Amino acid sequence: MNQAVRSLPQSLRVGASACPHDCPSTCALEVELLDERTIGRVRGAADNAYTAGVICAKVARYAERVHHPDRLTRPLRRKGARGTRDFVAISWDDALDVVAENFLRAEARYGAQAVWPYYYAGTMGLVMRDGINRLRYAKKYSGFFETICNNLAWAGFAAGTGRIAGPDPREMAKSDLIVIWGTNAVNTQVNVMTHAVRARKERGAKIAAVDVYMNGTMAQASASALFSVSAMASHVRAMAPPICTPPRAFRRSPAPGCMREEGHFTTIAPSIIGTRP
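FYI, our numbering numbers position 23 of the sequence shown as 25, with every residue one higher than the one before it.
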């Protein structure tokens, strides 16, 4: 990131970077370089066709967190009672010893599976995130299905499309109908809304939102459908190609190969809590 990609007035440099968050947008960034260890404003890269100069508020304020005086930068060990905020700084070696000793104590008393490396991505790269599995395999600690947040989405996506894949997201700007299902893109994926709104302005595209609660995306959509959680799950299952029995929500029988014609919002109204045309 320390390589400047362009200069601003007053000799301010701007470096190229990428957002570290575990987000499907994977935004390209332009970061102001105040000196070798200090960053200023963070912007979406204007020359990246997907990021298109737009970045979410959380990443735009990165410098506030990175350089905040209360940021935790070294291990602290509690020495007082819980809740007293009485901590003392210790070295990284001492901190790792404390963790290792507790792992060994739990393993000796309850068995190796008593230790459960519970983790996921956050702002970690693949090496940092998955490196813990080397310890888990060596010690035979408990395992889990790699993610604490994507299981339902993965299962529904795979059932509905056959694989975890999709089109180039920039194609949203060239679409006539954009369906945003189960994600509040207005607040969590601003780039999705950038391209969706572009399609609405330039092409007159319609934006349809489907979710289990009212949110910013539902409010901005051309049409929205509010489902109960159980109804949402039922209709996801109903649209999965491998399932051959058509629910009452669909007007037509399944086509050969268990694929069926697309239903309409009006035909599934009994299972919808509310709609907004």
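Glycine residues also receive a C-beta, built at the ideal position from the N, C-alpha and C atoms.
Being a predicted model, the structure only gives us computed values, none of them experimental.
My guess is that residue i and residue j are in contact by the Cβ rule of under 8 Å, so how many angstroms apart are they, rounded?
i           : j           : result
residue 92  : residue 77  : 5 Å
residue 21  : residue 61  : 6 Å
residue 209 : residue 223 : 5 Å
residue 185 : residue 54  : Not quite, the Cβ-Cβ distance comes to about 19 Å (not below 8 Å), so this is no contact.
residue 14  : residue 32  : That pair is no contact at about 11 Å.
Taking C-beta to C-beta, are residue i and residue j nearer than 9 Å?
i           : j           : result
residue 19  : residue 52  : no
residue 176 : residue 201 : yes
residue 114 : residue 139 : no
residue 84  : residue 97  : no
residue 59  : residue 40  : no
residue 182 : residue 198 : yes
Does residue i come out as helix, strand or coil in the three-state DSSP assignment?
i           : result
residue 283 : The requested residue 283 is not part of the displayed model; the chain covers only 3 to 279.
residue 96  : helix
residue 2   : Examination of residue 2 is not possible in this model, given that the chain is present from 3 through 279 alone.
residue 162 : helix
residue 15  : strand
residue 146 : coil
residue 28  : coil
residue 74  : coil
residue 84  : coil
residue 22  : coil
residue 57  : coil
residue 34  : strand
residue 49  : coil
residue 192 : helix
residue 79  : strand
residue 140 : helix
residue 44  : strand
residue 167 : coil
residue 210 : strand
residue 223 : coil
residue 123 : coil
Measuring alpha carbon to alpha carbon, tell me which residue in the options is nearest residue i.
i           : options            : result
residue 49  : 116, 30, 230       : 30
residue 38  : 112, 16, 74, 25    : 16
residue 63  : 207, 54, 111, 43   : 43
residue 320 : 222, 221, 100, 213 : Because the chain in this structure spans residues 3 to 279, residue 320 falls outside the shown range and cannot be described.
residue 121 : 224, 14, 222, 24   : 24
residue 206 : 179, 167, 81, 99   : 179
residue 46  : 36, 81, 193        : 193
residue 74  : 94, 82, 81         : 94
residue 135 : 82, 124, 118, 151  : 118
residue 116 : 100, 104, 124      : 104
residue 101 : 137, 123, 153, 70  : 137
residue 151 : 123, 71, 133       : 123
Is the segment 142-153 touching the segment 169-182 in the sense that three or more CB pairs, one from each, lie closer than 8 Å?
-> no
Using 8 Å as the threshold, is the segment 125-137 in touch with the segment 149-161, meaning 3 or more CB pairs across them?
-> no
Do three or more CB pairs link the segment 187-198 to the segment 215-224 at distances below 8 Å?
-> yes
The segment 77-90 touching the segment 104-118, judged by at least three CB pairs closer than 8 Å = no
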